[in-house]
Every structure is written in structure tokens, then in C-alpha cells.
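Some notes on the structure that comes next.
Residue numbers (our numbering): 907 to 1529.
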């Protein structure tokens, strides 16, 4: 037996590992299983490439057992490559030196790509000291007869002695501390394995004492027996070739990861090889997740590295507007920090994300060719997809092809391409109207002239539209214009309209004087045909709906944005008002023209009683 000191400031480093690098104690089991998987992968590789191992009886497995009674020990054993004395000193006696990393460095070509080795940093083993007072490692290297025991309490020294082991491989025996005893449980171990290591390519067997009962009543007695069960699936569906998978295979896997009873609406499976090796499998649920609009929504994409689960709580794996996706990302190249727990902001992940988004959007484009299916998708996910218009500048052109809108020329949904194809010969802009309710917007006076000239207007009744549309600017060469704004109808003006404007300038001044500071301006309207008045906002002011949104967000100190009142110079009410010199009548009708226009736009009147009073006075005088 020999005693050695660790080749670094071990006590300080171990404390760092135990208390800083790992935030969840359960991680230790993931790390030890990953180490076993690495050892099995190494031996498997050698059986294919090394003549000395061609006839080796390779039976890969990982076995986990624990002390059922006192919960003092936990054992993880494998039939992998194993270690000799030199390997134990090098790999366990030198912290942060990874045998796996060195092994990978020796590989070349396809072997390097296919090795499926996950332990890149050499500190995962030391997470054992989070739950154990001391750790024993018994290992026998494949092809050798001698076995060795490594033992340490993690405080500065370790001992190595010769021992025996029937087969090649490694056994890790943890002498659990008080905090670690909770993991000496069948249910605890099984849940951790299913969470983190369910998809590693080797079977994991759990040994435990099970109970059966015989007899009845007073003669009923408990019989305990040792049971062994495989607790992981030992396969990763997403790693299988798409050609060998059926729709049923995809659906069943979706239900298992999404905890859904319905089949998915669609799936997108990508297996990339080349500069980056990664696999993604994304699903779109039939129904939108209930928490999709919660600020603390649960991310639906799980990250794996070489089949080992890393996290399902990383919202940056995919853009926020695609938060409804469910599925997995499995990377062969993604570098992680030493704990394998905290993702680094790195180029590899960024490239995977960029490629994945483009692939998903291209599949949405393909889905859009089936209008019925796509509209079903849009009704569920149209709102978050529109978020992408101001979040994802890189893919905005694609998203503009994917968005759908209600319109004055359709009872359903139209694409921007459809809209442009129906534009009038002299029309250059894409017009839209925003507000709270579709029914109200379709009846808005703001649409009258557009309808008369058969100019299609998009109906935007979602408050999100107020944020999205100003950020978009153009679709191809066509600008977006809001009919809620004063400048939108300028191109509709004719010479006759301009003559009418001059004719009613005196009346406009009367109305301005009557309304005083309640309006920003009063103008003759081009857009009105049947209604006497409407309100719009200045080009640089927020719309009425946007003002409501800002107030709802807590912006209580907003300036008092005043509307612009537009009056219809052709309407009989305006023509009659033009002829009167009664200041009371002018004041009352001017107020009614403004307030009825406000009501149509969904604005609550500050003084409804005053409105009714003025209305009654006007009615009385007309009779």
C-alpha cells in the first residue's frame, strides 16, 4: 500500500467543487454514471480497433446498489475499460486531468467523431465528496490481471493498494455522509437516472431489496428478496435514423417528454454532421402550452450532451417567440464548464440555435402550403410568432411570409403575399387598422373611403400588433401604414377634396375654438364617406390602444396625447353646422362629433352625463 498527496491544492479545490460548481447534490450520480459510460465506450472502441481486444468478451453494463438498512453506502460498478495503478494516480490523483480528454485527443478522423465520450474535464468524480465522507475505487484494467483500490476522504491524501476484482471494470463505493443518505433509496436513484442518464447507450441495473407477502391475517409474512431491474431506456430515439422511425415512434416519444396525451401537430428532426455534430428533435403541440404567456414559463427544449441530460431550464436554447416548441438538442461539440451544469455563452451553442431556428421556420413554410393545417397552427401560435418580427431581425423576411392577418376582404386569414397580389394599381402601401375588437374595427369610420376605393385593410385586433407593426416598416418594397394615423389617407385626396378643405376652413376654426385644448387639431377628412367625424393620432404620437397598453404597464406619467378630429365636409351635419352662427349649437355639436368618434374607438368618456345632456339638447332643438 502506498500513500500519495493530490497534485494540487486539493482541499481548497474540492471545497470549490463541492460548494460552488454543483448547485444540486444529485449531480454526483450523473457524473459517476457518465464516467462509467465513458469507460464502456472506450472499451467498445478498442474491441473494434485494437487486435488485442478483438476476441474480448465485452458485456457492457452499469450496476448500482446501496445499503438498504443503514443507508451508509452506495456503489456504482461498470464493466468498462478499467484502470491500473498508473491510471488511478494520473486520473484520480490529479484533479482536473481527464483520462477521457486524453483518450479523445488520441483519436483521429471518424473515430473521434463517433467516440461518444462525455467526461471532458476530469472533475465530475470529485462531486462524490458532496455526499460521501470517503470514496473507494476498485478497478481492474481490461487485458490485465491485477486490480487496485484507491481510497480517499478528499482532504489531501489518497491511498492505493493492490486488491482483486473478478472482471475488468471499475467499482466506486461511496461511504455516505448524513446529507448523502437520502440518495441510498431505490426511488431517489431511479428518478435521478431517468432524469439525467436515461438515454446513455448502456443498460443501468439497479439492485435493491424487494418485498413480497405470503399468507393472510396473522399468518401473513413478509419475504424479502434481492431484485435487479434495468432502470434506463439505454437508447435515444432522436439518435436513430429518421428512416427507421414511424409517426407512432415520434408521437410516443413526444408524449413522454411533453407529458401530453395528444399527438403533436408536427415534428422537425435534424441530424447534422460536418463542422458541427448535433441532433435536434422539435415538436409543436396540438394546443398551446398553458403557461406560454407567463413570464416564468417553463422552457420546453431539453439540452443533452452525448445523450446525457444537462438542463431543461435554459430559455436561451431557442428564441423566446418559439417557446411553444418541445423537444431535445443533443450536441457532440458543445463545450460546457467544468461542472457540466452551467452553459457557457459560446459560439457552438449560438450556431446550433441559428441553424435550428432556420430549420424550424422552413418547416413552417412547408406547413403553410396546406392552408387548413397552417391556419390551425396559426390560431394556436400566431401571437408568439408575431413576437419574432421584432425579436428576430435575422429571420424577419421569413417570418413576414409566415404571418397571417384578418382583413377587410376576407373572413379568414390572409398572407402578406396575398394582400400584395390584390393591391390596387396605384396603391403602394400596405394599410392596417389597430384596435381592441375585430367587430368594432370592421365598422370603423376610418375604413369608409378605403372600402369605397376597394383598398384592402388588415384588421389587427391584438394589442401586440401595436408593438410589432411599427418595428417592421416594410414588406418587400411596400411600407406599412396605419389608417389610425392622420397621414395615412393623404394619397386619397383629390382636387375636389382640397377645394372642400378651403371651403370649410372657417368652420374648422369654429370647431377648434369650441373644443379648445381637447384636440390637437381639426382637419377636413378624405377618408370619411358616411360618418360625420372620426379621430386619428398624429404620426409621432402613440395610438389610443398603445396609450392604454403603456398605462397598463404602469406608465402613469404619460403626456396627455390629444387626438386629431377629422370631419367629413360632405356630410349633412357638417354642411348644416357650417351655416349656423349659434355658438352654443356649434359648441354642443362639436363636442358630440368628438365624443361619438371617441366612443367608436373604444375610448371611455370622462363625462358620459355631459355627453347625454348635449345630445338631448341637440335633439330638442331639431324637433
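Beta carbons: idealized from backbone N, C-alpha and C, even for Gly.
Residue i versus the options, residue with shortest Cα-Cα distance
i	options	result
residue 971	931, 943, 1090, 1254	1090
residue 1331	1353, 1351, 1362, 1342	1362
residue 1141	1106, 1391, 1442, 1406	1106
residue 1068	1084, 1081, 1050	1050
residue 1146	1046, 1115, 1178	1178
residue 1055	1104, 994, 1081	994
residue 1281	1294, 1319, 1257, 1254	1319
residue 1087	974, 1441, 948	974
residue 1092	1136, 1522, 966	1136
residue 1115	1047, 1180, 1423, 977	977
residue 1103	1520, 953, 1214	1214
residue 1165	1414, 1148, 1192, 1040	1192
residue 981	1444, 1062, 1081	1081
residue 1097	936, 1387, 1262	936
residue 952	1039, 1040, 1047, 1234	1047
residue 1118	1288, 1129, 1467	1129
residue 1482	1528, 1239, 1427	1528
residue 1421	1490, 950, 1393	1490
residue 1393	1444, 957, 1415, 1524	1444
Status (buried if at least 16 other CB within 10 Å, exposed otherwise) for residue i
i	result
residue 1052	exposed
residue 1433	buried
residue 1478	exposed
residue 1299	exposed
residue 1246	Caution is warranted here: a pLDDT of 48 is assigned to residue 1246, below 50, making its placement in the model unreliable, and the coordinate value is therefore given only provisionally. Label assigned to residue 1246: buried.
residue 1144	buried
residue 1397	exposed
residue 1496	buried
residue 1243	For residue 1243, the pLDDT reaches just 49, beneath the cut-off of 50, and the residue's location in the model is therefore unreliable, although a value from the coordinates is still provided. The residue in question, residue 1243, is exposed, as its Cβ has fewer than 16 Cβ neighbours within 10 Å.
residue 907	exposed
residue 955	exposed
residue 1256	exposed
residue 1138	buried
residue 1272	exposed
As assigned by DSSP and simplified to three states, the class of residue i
i	result
residue 1052	coil
residue 1514	helix
residue 1280	helix
residue 1102	helix
residue 1294	helix
residue 1361	coil
residue 1476	coil
residue 1208	strand
residue 1435	coil
residue 1520	helix
residue 1509	coil
residue 1577	The question about residue 1577 has no answer, for the chain in this structure spans 907 to 1529.
residue 1038	strand
residue 1131	strand
residue 1423	helix
residue 1063	strand
residue 936	helix
residue 1032	helix
residue 1501	helix
residue 1123	helix
Check whether residue i and residue j have beta carbons under 8 Å apart
i	j	result
residue 1406	residue 1514	no
residue 1376	residue 1437	no
residue 1223	residue 1211	no
residue 1366	residue 1337	no
residue 1194	residue 1286	yes
residue 1291	residue 1227	yes
residue 1340	residue 1371	yes
residue 1030	residue 1157	no
residue 1348	residue 1304	no
residue 1184	residue 1258	yes
residue 1111	residue 946	no
residue 1078	residue 1134	no
residue 1148	residue 1175	yes
residue 1508	residue 1346	yes
residue 1492	residue 1472	no
residue 1094	residue 934	no
residue 1076	residue 989	yes
residue 1430	residue 1384	no
residue 1171	residue 1283	yes
Heavy atom of the ligand PLP within 7 Å of residue i beta-carbon
i	result
residue 1286	The ligand PLP is not part of the structure shown, which contains no ligands of any sort.
> Enumerated in chain order, which unbroken segments of the beta strand (DSSP E) with a length of 3 residues or greater are wholly contained in the region 1313-1352?
Replying inline: 1316-1320, 1336-1340
> Which ranges does the alpha helix (DSSP H) cover as unbroken runs of at least 4 residues, wholly within the region 1149-1193, from first to last along the chain?
Replying inline: 1153-1164
>> As an exercise, report each continuous beta strand (DSSP E) stretch of at least 3 residues that is fully enclosed by the region 1357-1421, in chain order.
In response: 1363-1366, 1384-1388
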